[in-house]
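Visitor: Got a structure here, written out as structure tokens. Questions coming.
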Amino acid sequence: MKSMAGKCLGVLLFVFSLSCTSFGQNTTGTILGTVSDSKGGAIANVTVTITNSDQNVVVRTITTDEQGQFTVPLLPVGRYSVKAEASGFKKAVHSGLVLNVSDKLAVNLTLEVGAVNETVTVEATSLQVDTQSATATGVISGLQLRELSLNSRNYAQLVLLVPGASDSGNADQIFPGATAPLGTNVMSFQINGNRREENNWQVDGADNVDRGSNLTLLSFPSIDAISEFRVVRGVYDAESGRSAGAQVNVITRSGTSNLHGGLYEFFRNDDLNANSFVNNSAKVRRPPLRYNNFGGTLGGPVYIPGIYKQRDKTFFFVSEEARRIVTYSNPVATIPYSGMANGQFNHVVCTQWANSNGSPGACQAYGTSIPSTSFDPIAAAYVKDMVKIDHVFGPKLTVNGKYLNDTNPTIEAGGLFTSMPVLGIATTATHAPGHQYNIAATFTPNPRFLIDAGYRYSYGALISHVTGAENFSQSPDVQTAIGSAFPFQNLLGRVPSISWPTGVATNVTTFGPYNDYNTNHTTYGNV
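Note that the sequence shown ends on residue 527 in our numbering; no numbers are left out.
In structure tokens form, the structure reads like this:
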């Protein structure tokens, strides 16, 4: 154990030597307090033991100073108990403490004269007030996230529960995606009047904001994998920075001493939906919708009978979520007819047009039924993975690591950023992946010295390419015509945009190929 601790200390010192200034990276909390006798006198040299009640593990043991005070920083969020013991006094235990991220939780204990084998236990109240910090914050617990009926199961919408928050974005987001018809990963929350670009978003302290727009998020953890998230909205302390608006930090769940898991599925279907007033007036059926959100979680101690029997050393938590979504809209387009090529512009104006599935120049009136071929389909297949491991080498050394992965492939029938109403022309296939790797360690060689260090990596991208008729490979006749007319090479591999005079026809345009990515590396150290 000494050899292992020495090696880990060396690694921590190396990481600390590489550390750079970081902002708002805190993912832990602090427990502090005073130990006194029944008359209020401070008691020095009292042994104070901090136990993680979720994992049933002693995480820190210290002694009080001459003023009877103690401070235990850098504790992971969770439930704790604090025990104080000294010769000639009964043991005092304060249990049921809930420590949230960035909390400075004051726990004052009183020792009564008596035998050491006697214990006085105090259970914490459900309402705990942080009296040590003036920072204006709001904490949304994981229980709230999982029990409240969240539209599309997107945790970000609960930012609106914080005083001073308003939303200028979409009210109904089917899922976080790359284009507006599907919902969006653009965060449009305004806190205390600050611009929406002024918010800073993190997951377990790792940067989760695209640096290009400062509006989009790199990844969206499943709400079943979130322990809590904290919104700092004013009177910032030294750990907060980079942005003048809110500091939003999501903390993911860890395994506990007991094995817990669950399975779920949420779905939407157009058979369960009412039709809109406009559709009913025109006697048009509601557009199809298929939305399936399913997955599960599993967490607990690592236990292998006959091989690894210690249930208080290694803990794991795994989350897997998938979404299968197909949604439709009704596009409207004006399509040029064949006579225009010969200069004939006297065609009768149609009152109802087919989309690109109809013949150019043909007027088709569907009456009370619109076939499925005339709907604009948008499809997506999302997968969200998370694996988190916590290992306790002993009271002096703890290590944890996490892997978070989002795969967000979508197909936009009208094209990324263009939403062209003529189908099959500007169609794009888009992928918006997000990844995150975290590793951290806390080493306490003695009660007065502590090292906390780690590395965080986050990545997000938006990659899209044209798959419709505007892709050269799908339009060989256009490729030949352009190749003979222009001597230069088409580097984008797509058909140029086609514009018509106003009112003649819908312009033909697309966007892509597009390849944008954002990579963030953070090393940090605290002593």
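Note that CB positions come from ideal geometry on N, CA and C, so glycine has one too. Treat the numbers as computed from the prediction; the structure is a model and nothing was measured.
1) Would you report the Cα separation of aspartate 204 and alanine 282, rounded to the nearest angstrom?
2) Where does the unbroken alpha helix (DSSP H) through glutamate 112 begin, and where does it stop?
3) Is isoleucine 223 helix, strand or coil when you go by DSSP?
4) For threonine 519, collect the residues of the same chain with a Cβ closer than 6 Å to its Cβ; drop the 5 residues on either side in sequence, then sort them by chain order.
5) Would the region 512-527 count as touching the region 197-212 if we require 3 or more Cβ pairs under 8 Å?
6) With distances taken Cα to Cα, identify the nearest neighbour of isoleucine 251 among Phe229, Tyr264, Gly261.
7) For a quick check, are the C-beta atoms of phenylalanine 472 and glycine 493 less than 9 Å apart?
8) Anyone know if the C-beta pair for threonine 467 and alanine 429 falls short of 9 Å?
9) Have a look at valine 122 and phenylalanine 89 and give me their C-alpha separation to the nearest angstrom.
10) So the alpha helix (DSSP H) alanine 551 belongs to, where does it begin and stop?
11) Are the region 291-303 and the region 257-266 touching, with three or more C-beta to C-beta distances below 8 Å?
12) Arginine 253 and glycine 138: beta carbons closer than 9 Å?
13) Does the distance from the CB of glutamate 112 to the CB of alanine 136 come in under 9 Å?
14) Assign alanine 156 to one of three DSSP states: helix, strand, or coil.
15) Restricting to Cα atoms, I'd like to know which of Asn446, Pro513, Asn507 is closest to leucine 416.
16) If glutamine 190 and serine 222 are in contact, beta carbons under 8 Å, what's the gap, nearest whole angstrom?
17) With a cut-off of 8 Å, do at least 3 Cβ pairs link the region 74-84 to the region 94-104?
18) Could you check whether asparagine 258 and proline 301 sit closer than 9 Å to each other, using their CB atoms as the reference points?
19) Rounded to whole angstroms, what is the Cα-Cα separation between isoleucine 425 and serine 475?
20) Evaluate the contact criterion for the region 25-45 versus the region 60-73: three or more CB pairs, one atom per stretch, below 8 Å.
21) Who are the near neighbours of proline 288 in its chain, counting only those whose CB is closer than 6 Å to its CB and skipping five residues on each side?
22) Give the DSSP bridge partners of glycine 394, in chain order.
23) Taking all protein chains shown into account, do 16 or more other C-beta atoms lie within 10 angstroms of the C-beta of alanine 115, making it buried, or fewer, making it exposed?
Guide: To lay it out plainly:
1) 50 Å
2) Neither: glutamate 112 is in no alpha helix (DSSP H) and is coded neither H nor E.
3) In this structure, DSSP gives isoleucine 223 a helical state, which the three-state scheme calls helix.
4) Sequence-distant Cβ neighbours of threonine 519 in its own chain, meaning closer than 6 Å and more than five residues away, are Tyr459.
5) Judged by Cβ distances under 8 Å, the region 512-527 makes contact with the region 197-212, as three or more pairs qualify.
6) Phe229
7) yes
8) yes
9) When rounded, the distance between both Cα atoms is 16 Å.
10) The question about residue 551 has no answer here: the residues shown for the chain are numbered 1 through 527.
11) yes
12) no
13) Taking a C-beta distance under 9 Å as the contact criterion, glutamate 112 and alanine 136 do not qualify as a contact pair.
14) Note: alanine 156 maps to helix in three-state DSSP.
15) Pro513
16) With 8 Å as the limit, glutamine 190 and serine 222 do not qualify as a contact, their Cβ atoms being about 26 Å apart.
17) Contact between the region 74-84 and the region 94-104 is present, with at least three C-beta pairs closer than 8 Å.
18) yes
19) 10 Å
20) yes
21) Asp270, Tyr328
22) Leu397
23) exposed
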